[in-house]
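Notes follow once the structure below has been shown.
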């Protein structure tokens, strides 16, 4: 083998028997696909030779205003010569032509999002050469028509439907139902028809020079890096910082050469369930795009041993046996589940790709546990192997088996991606996006999805296709996102323009709801009842592993005993945020709250608050009981008072009747409380400064509930959090009132013991972070309210950000939504500064985070690195936080 050049010093990396330049350490440079092709070649797997153009070339292409780096095509020409020598074929030859595929391949997998061209190198002369070389005229012209279609669509932007119209006419002429039924003479006619379509829409003839075809195909792959679908996918997946895509040029092998040829896609384990069983699909006499695009519904690989060709009755068994050996070899080598593409050409198996397989959350957990048991990986690797956010999928409801027994399915398709989903029918990606944005739950219904549908797929509650298989585009992308998908439901007739489907004699429109079960493939009319999930033994194993390694504590945001209990069941170690305002909105409470707000004098306010106190006390007792000795951080009233008052005339009249307060007075009070910017107005600690009686009532309820619980042998550990503090003077004043109230209650209740109730604040105003050393003198703990801290630091309203956020993400002004994942550069600096300053004043001050960022894995990693004591998140995100905290420890250390 020739000696490798230093990484980055060349634009083209060859892989084959002659030499192999790349390896798996070079994914950033030659992409995941290129690195794995080189690696598979090196370990002796049957890989057709080829070469990879680097991601740096793609980067330079955009920097050079969409011009190739100097010398790139010279290097490509040299690589083609090497390929010709190795294969014994010649590019454009009329006796034994070399044909190549041109595919994308970024450092991170983006299935189906960028361009592919197959059969490149065919022209009017070389198609005759292909006939001569193979003795198969039908195959040669089938390959040529595929090239004209793909090249026209991908390189010249001639829409696929124009080619489909021409094909439909040929099928009709020859009375052919499927593509494979068209005879050779029909395919020859189709080639001429396709060339006419190409010329009509491009105003030029289909190119006859193979190197010209190759140059434009390479450019098309580069351009696809910044296509709408690729940008959307990177945004949804949070993929940033890549230079571009590599381009893989590989000698073609053909699965469409007859009954002894085929193609397939497979996973070394089931990517839906994690079962250690070879899982995939194949098609006889087809090319790979037929499987991935869902054009034909393929057969499961389990059926492959039954495949018999006229010339070889045992071909299926031999190919299946060889694939099983390769499965074992790949897993031992990569130590992870592999997603492979293969082609069988006249009884010979070739590997076209391998990559780490995308899988559901349930599958990720099972695979990690079983690979650890099999000694393929260790416990720490198993923890790191599971995307923490994917655990959400294990916690989502499924359809109630009892309800399903009562309903007969409309039809049953393929269980392409597990889960339960219901919604109204949407017939295009744009429709799904718009309706989901308006708050509707929709099921995206398509004949088959394409990468252009990626935004609609992400917005929909579930995906239903009438064609395609378990490894089609819809299935692969849905599984990667944990999105429910049923594919290949062939009984469904879809009328996209009419916005309706027909299935077994019944018609459903965009106004109708259907339910789909991605675990069974069943499709039902209407909304099916759901049940909560039961955790598997593997899930418990992973949680035990996580708890053993993590350093961060995990609390929950909970406002009721039910939420508190659910969070404890998921492993929460306390409550980091109990929002007391949520306790005031029930009908029997809101009326007293409104009485308090409408009162003009303090005694009247106190009288109304006195009516609320028993409700608050009871709520706190229930929460303390549910948490049984774990800390409970209770935030005092935070929102502005206008939120509790009715703003429409009818509701104001109802309040007037209930309270006896004249409507005119209610209207006046509503007007008085109106603020132009209420989120920065009279709320949080400012309410307690103006109306300290509100704080007194809440602290009284907390203290009485604590004493009552202790009397019942229930350990209660409340922590009182004063929100929206911006200066130490605010906190000092309100801490004093809080402490006096606690002592008053103890005296009235005759409680002689110690009540170690912590008093702290929420750091959610930048000034509080900047002066954290001062604030810490009056605080037993800080809890970072990163929702408001983000809002105030960026100057973005979290309620209105969606009017411009999509533009900011597509232009990469922002890498991700800062309300979903913490901005560690800006907002994170404030958090880090407050941690440092707070601990300088009070070394043992307790520090946590209670915004929704507390359940985001990337944000949890940051919280670990800056040294917080705990994170708090919604109950269903507690398992995610436990796992993410362990991953942070393993990646960052203690």
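Numbering (the working numbering), first residue to last: 100 to 993.
Quick reminder that beta carbons are idealized off the backbone N, C-alpha and C, glycines included.
All values derive from a computational prediction rather than experimental measurement.
query                                                                                                                           : result
Exposure label - residue 805; buried when at least 16 CB within 10 Å                                                            : buried
Short Cβ contact (8 Å threshold) for residue 642 with residue 956                                                               : no
Pick from 296, 148 and 928 that is closest to residue 178, judged by C-alpha positions                                          : 148
Reduced DSSP secondary structure (H/G/I, E/B, other) of residue 106                                                             : Bear in mind that the predicted position of residue 106 carries a pLDDT of just 46, short of 50, making it too unreliable to give a figure here.
Identity of the residue in 369, 410 and 836 nearest residue 358 by Cα                                                           : 410
Contact set for residue 535: own chain, Cβ-Cβ below 7 Å, skip 5 residues either direction                                       : 541, 558 and 559
Helix, strand or coil at residue 939 according to DSSP, with G and I counted as helix                                           : helix
Residue 523 in three-state terms, based on DSSP                                                                                 : strand
Inter-residue spacing [alpha-carbon to alpha-carbon] between residue 124 and residue 137                                        : 11 Å
Cut-off 6 Å between Cβ atoms - residues of its own chain near residue 777, not counting five sequence neighbours on either side : 739
N-terminal and C-terminal residue of the beta strand (DSSP E) that residue 986 is part of                                       : First-last for residue 986: 977-991, but that is the alpha helix (DSSP H), not the beta strand (DSSP E).
Spatial neighbours of residue 954 in its chain, beta-carbon cut-off 7 Å, leaving aside the 5 residues before and after          : 972, 973, 976, 979 and 980
Segment limits, beta strand (DSSP E) that includes residue 111                                                                  : 111-114
Local Cβ density within 10 Å of residue 757, reported as buried at 16 or more and exposed below that                            : exposed
Cβ-based burial, residue 267 [other Cβ within 10 Å; buried from 16]                                                             : exposed
Terminal residues of the alpha helix (DSSP H) in which residue 711 lies                                                         : 701-726
Nearest-angstrom Cα separation, counted from residue 361 out to residue 380                                                     : 11 Å
Whether residue 415 touches residue 437 by CB criterion (8 Å)                                                                   : no
Limits of the alpha helix (DSSP H) - the one that residue 252 falls within                                                      : 236-253
Straight-line gap, residue 248 to residue 230 (C-alpha atoms, nearest Å)                                                        : 20 Å
Reference residue 616; option with closest CA among 521, 696, 221 and 897                                                       : 521
Residues sharing a beta bridge with residue 677, DSSP                                                                           : 733
Cross-strand partners of residue 606 (DSSP beta bridge)                                                                         : 601
Segments assigned beta strand (DSSP E), at least 3 residues, entirely inside the segment 499-546                                : 513-516, 519-525 and 541-545
Cut-off 7 Å between Cβ atoms - residues of its own chain near residue 193, not counting five sequence neighbours on either side : 224, 225, 227 and 228
Strand pairing of residue 818, partner residues [DSSP]                                                                          : 732 and 857
Host beta strand (DSSP E) of residue 146 (start-end)                                                                            : Where residue 146 is concerned, there is no enclosing beta strand (DSSP E), given that its DSSP letter is neither H nor E.
Buried or exposed (CB count within 10 angstroms, at least 16 for buried), residue 684                                           : exposed
Check whether residue 222 and residue 191 have beta carbons under 8 Å apart                                                     : yes
Residue 710 beta carbon less than 8 Å from that of residue 792                                                                  : no
Inter-residue spacing [alpha-carbon to alpha-carbon] between residue 100 and residue 596                                        : Unreliable placement is indicated for residue 100, whose pLDDT of 41 sits below 50; the coordinate value is still reported in the next sentence. Computed Cα separation, rounded: 58 Å.
Among 563, 942 and 406, nearest to residue 1024 - alpha-carbon criterion                                                        : For the chain, the structure presents residues 100 to 993; residue 1024 sits outside this window and is missing.
Three-state secondary structure (DSSP) of residue 447                                                                           : strand
Own chain, CB closer than 6 Å to residue 937, minus 5 neighbours either side, in chain order                                    : 871, 875, 881 and 944
The segment 745-759 contacting the segment 660-668, beta-carbon criterion three pairs below 8 Å                                 : no
CA nearest to the CA of residue 716, picked from 133, 660 and 259                                                               : 660
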